[in-house]
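Quick mapping for you: the protein sequence lines, in order, are chains X and Y. If you read the first sequence in the working numbering, its first letter stands for residue 43, the second for the next number, and so on. If you read the second sequence in the working numbering, its first letter stands for residue 43, the second for the next number, and so on. Here the structure is laid out as structure tokens; the discussion comes afterwards.
There are 2 protein chains.
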Amino acid sequence: MAREALVDSRQEILRTAARLFQQRGYDATSMNDVAGALRLSKGGLYHHFQSKDEILFEIMNHAMDITQERVINPVRSIGSAEERLRTLIRLHIEVVLSPRDREITVMLHENHPLPPSLRRRINARKKEYVHFLEGLMREVQQARQAKGHVSPRAAAFALLGMTNWIYQWYKPEGDLQANNLVPQFTELIFGGILA
Amino acid sequence: MAREALVDSRQEILRTAARLFQQRGYDATSMNDVAGALRLSKGGLYHHFQSKDEILFEIMNHAMDITQERVINPVRSIGSAEERLRTLIRLHIEVVLSPRDREITVMLHENHPLPPSLRRRINARKKEYVHFLEGLMREVQQARQAKGHVSPRAAAFALLGMTNWIYQWYKPEGDLQANNLVPQFTELIFGGILA
């Protein structure tokens, strides 16, 4: 029980659960697995979280906090719309590639159906991000007076697809890394929405 | 046992398993669930497939067959590189959006680790498709003498991300459907790789 005292924060549980969910998948990870990895009793784990669904929700919510703090907030203070979009593409890719932010991969990958009330809260935050992106695409097109063959909404989903899908194919030893992916994906999006 | 005689093909088992894997996820679906949905005995199911891994492999392999037959083959016979790329984008999106091809969603989503020998076979087919896309991007850039800020490889992964990610956000009642997604994503890719 000496160890139990060390696990005093929900944060430590969430970090460990995110790692397990990322490695094995949510469905293949039991509450016993999470407790075992933390050397906690199952009762000790349930003292902090009522269910595995609640843990998944908190991980996804934390992933949206990361997106808010490390992508959206730093971008908001930038004056030029073009510079905002350039910075957003870089920060979004950096967050997807960050090995310490396993919450992001869990949020991108897990399709396990959360209870409706929790699902609605995550979906509302995701939608907010899509709308933010959409607004940014529109501003860049207007600033450059682009005719706009590509709607801001389609461009927002294209950007999310390009950047989120990285978690599926990225290899640390591959030739596509953040330092060359960022400028290329930026060129592609700008060339595409301004064509 | 009358029903058992009807399940005479591995194909019917694979179709049903693909539907269950897509709806519930691979890890949350047991061999019992698959047998039950087909009104087969578990022994009857194991007569056709040795393991759930083998079923997943066959579903993914079938998804690559679909990609070969309905995306790659029709494109190969087209003379102009630009027309080949335009057609490929349309056919790839149509396959991702096709509700009857649940094998595609299973292949895009499932990260369950297959045994190495099976995993290598699927990965080899995926790589072949990436190389095909990469070659096509290069040809289009050369035909248009584009300076090429975006490498064919980055463009190939961008296209795969944009189009594959559709399964994550697409809603049949949404305002982005194949008929407007196809021209917009096509414009975006062409604008991006030729910028």
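Glycine included, C-beta positions come from ideal geometry on N, C-alpha and C.
D69 (chain X) reaches chain Y at G67, D69 and A70, counting residues in chain order whose Cβ is nearer than 7 Å. Sorting X:Y171, X:T205, X:Q64 and X:L223 by C-alpha distance to the C-alpha of R195 (chain Y) places X:L223 at the top.
Against chain Y, the beta carbon of I231 (chain X) has neighbours under 8 Å at L230 and G234, listed in chain order.
Distances from the alpha-carbon of L130 (chain X) to those of X:T58, X:L175 and X:Q92 put X:L175 closest. Cβ neighbours of R132 (chain X) within its own chain (closer than 6 Å, five residues either side excluded): V224.
At a cut-off of 8 Å between beta carbons, S193 (chain X) contacts chain Y. Taking a Cβ-Cβ cut-off of 7 Å, the neighbours of M204 (chain Y) in chain X comprise A200, G203 and M204, given in sequence order. The beta carbon of L87 (chain X) does not come within 8 Å of any beta carbon belonging to chain Y, so the residue lies off that interface.
Annotation: the segment 137-194 of chain X contains the following complete segments of the alpha helix (DSSP H) (minimum length 4 residues), in chain order: 144-151 and 158-185. It is roughly 42 Å from the alpha-carbon of I146 (chain Y) to the alpha-carbon of G121 (chain X).
With fewer than 16 other Cβ atoms from the protein chains shown falling within 10 Å of its own Cβ, R81 (chain X) counts as exposed.
Among the residues facing chain Y, Q183 (chain X) is not included, as its CB has no counterpart in that chain under 8 Å away. Among the residues of chain Y, none has a CB under 7 Å from the CB of A79 (chain X); the nearest is roughly 18 Å distant. Excluding residues up to 5 positions away in sequence, L56 and E145 lie with their Cβ nearer than 7 Å to the Cβ of H104 (chain Y) in the same chain. Bounds of any alpha helix (DSSP H) do not take in L80 (chain Y), whose DSSP letter is neither H nor E.
Three or more beta-carbon pairs separated by less than 8 Å link the segment 152-166 of chain X to the segment 84-99 of chain X, which places the two stretches in contact.
The beta carbon of A77 (chain Y) is closer than 6 Å to those of K84 and L87 in its chain, skipping five residues each way along the sequence.
Under the Cβ criterion of 8 Å, A197 (chain X) is counted among the residues facing chain Y.
F91 (chain X) carries a coil assignment under DSSP once its states are collapsed to helix, strand and coil.
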